[in-house]
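What the sequence shown shows, in my numbering, is residues 198 to 358, in sequence order.
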Amino acid sequence: MAVAARIEEVRSDVTELAQSTRSAAELMQGMVKLLHERMLKYNWVGFYLLEPGAEPPVLVLGAFEGAMTPHTRIPLNQGICGAAASSGHTVVVDDVSKDPRYLACSLETRSEIVVPVFAHGKVVGELDIDSHFPAAFTPEHQALVQYCARLVGEKLEASRP
Ligand code: SME
Numbered sequence: 198m199a200v201a202a203r204i205e206e207v208r209s210d211v212t213e214l215a216q217s218t219r220s221a222a223e224l225m226q227g228m229v230k231l232l233h234e235r236m237l238k239y240n241w242v243g244f245y246l247l248e249p250g251a252e253p254p255v256l257v258l259g260a261f262e263g264a265m266t267p268h269t270r271i272p273l274n275q276g277i278c279g280a281a282a283s284s285g286h287t288v289v290v291d292d293v294s295k296d297p298r299y300l301a302c303s304l305e306t307r308s309e310i311v312v313p314v315f316a317h318g319k320v321v322g323e324l325d326i327d328s329h330f331p332a333a334f335t336p337e338h339q340a341l342v343q344y345c346a347r348l349v350g351e352k353l354e355a356s357r358p
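The structure is reproduced here in structure tokens:
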């Protein structure tokens, strides 16, 4: 199946998942499974959530699919993950070996995308995806991952008004 068609299909499936799940936790669990299973180059898919009230702030590993990572708690001044959460912007790294911020999760990882999740205008977490392929996260993929992060933000807003 062509990449554009696969992305379209997965977008529609995550939309359905967002409608059928009752909580953000359930949505995140289903979403990491769906993305990991269906997008062949998404070799590690996980959410990090900001720990409520932690000072200094720290990202804590939530739902994920793929190999266990040593990075279960990441301060905002570390890693690609910290960069995305502290800036509030998507970070795409086409070659992780060339990015000094990169914290290694698997030796096989070649590229990574991290998209912040916003609820009520604030960063509350992020969706992190690693690929064994260089430059896997083209603009079409970025749009899909950003859409997924937005669905989770909306679900969080609906459950924590
Ligand atoms: N590579 C991330 C750390 C998380 S693991 O990839 C799962 C980073 O540089 O922040």
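Just so you know, even glycine gets a beta-carbon here, dropped at the ideal spot from N, CA and C.
For this session: Determine the closest residue to L368 out of L273, W241, E262 and G250, with distance taken between C-alpha atoms.
Result: Missing from the structure shown is residue 368; the chain here goes from 198 to 358 and no further.
For this session: Less than 8 Å between the CB atoms is what I'm expecting for Y245 and G259, so what's the real figure, rounded?
Result: As a position in the sequence shown, residue 245 is number 48, starting the count at 1. As a position in the sequence shown, residue 259 is number 62, starting the count at 1. Sure, about 6 Å apart at Cβ, within 8 Å.
Exercise. With respect to 6 Å, is the separation between the Cβ of T266 and the closest non-hydrogen atom of the ligand SME below this value?
Worked result: Reading the sequence shown from its first residue, position 69 is the one you call residue 266. The answer is yes for T266.
Problem set entry | For V229, the first and last residue of its enclosing alpha helix (DSSP H) | For this step, residue 229 is matched to residue 32 along the sequence shown. V229 -> alpha helix (DSSP H) spans A221 to R235.
For this session: For the alpha helix (DSSP H) containing Y344, list its first residue and its last residue.
Result: On the sequence shown, position 147 is the one that residue 344 refers to. Note, Y344: alpha helix (DSSP H), P336 to S356.
Problem set entry | V200 classed as buried or exposed, judged by whether at least 16 other C-beta atoms fall within 10 angstroms | Walking along the sequence shown from the start, residue 200 turns up at place 3. Exposed.
Exercise. Are the CB atoms of V320 and A282 nearer to each other than 7 Å?
Worked result: Walking along the sequence shown from the start, residue 320 turns up at place 123. Walking along the sequence shown from the start, residue 282 turns up at place 85. Contact: yes.
Problem set entry | Same chain, Cβ closer than 6 Å to G285, five either side skipped, listed in chain order | Reading the sequence shown from its first residue, position 88 is the one you call residue 285. These residues qualify, in order along the chain: P313 and V320.
For this session: Take F330 and list the residues in its own chain whose beta-carbon comes closer than 7 Å to its own, dropping the five residues that flank it on each side.
Result: Position 133 of the sequence shown, counting from 1, holds the residue named residue 330. So the qualifying residues of the chain are K238, R307 and S308.
Problem set entry | Near the ligand SME: I310 beta-carbon under 6 Å from a heavy atom | The residue labelled residue 310 in the question sits at position 113 within the sequence shown. I310: no, Cβ never under 6 Å from the ligand SME.
Exercise. For A340, which residues of its own chain have a beta-carbon under 7 Å away from its beta-carbon, when the five flanking residues on both sides are left out?
Worked result: As a working mapping, residue 340 is identified with position 143 in the sequence shown. Nothing listed; no residue qualifies.
Exercise. Near I204, which residues of its chain fall below 6 Å by C-beta distance, leaving aside the five closest residues on each side in sequence?
Worked result: Within the sequence shown, numbered from 1, the residue matching residue 204 stands at position 7. Hits under 6 Å: E337 and L341.
For this session: Have a look at E323 and Q343 and give me their C-alpha separation to the nearest angstrom.
Result: As a first step, residue 323 must be located in the sequence shown, where it is residue number 126. As a first step, residue 343 must be located in the sequence shown, where it is residue number 146. For E323 and Q343, the distance between alpha carbons rounds to 10 Å.
For this session: Go to V290, then tell me how far its beta strand (DSSP E) extends in each direction, as first and last residue.
Result: Within the sequence shown, residue 290 is the residue found at index 93, counting from 1. Run containing V290: V288 to V290, per the beta strand (DSSP E) assignment.
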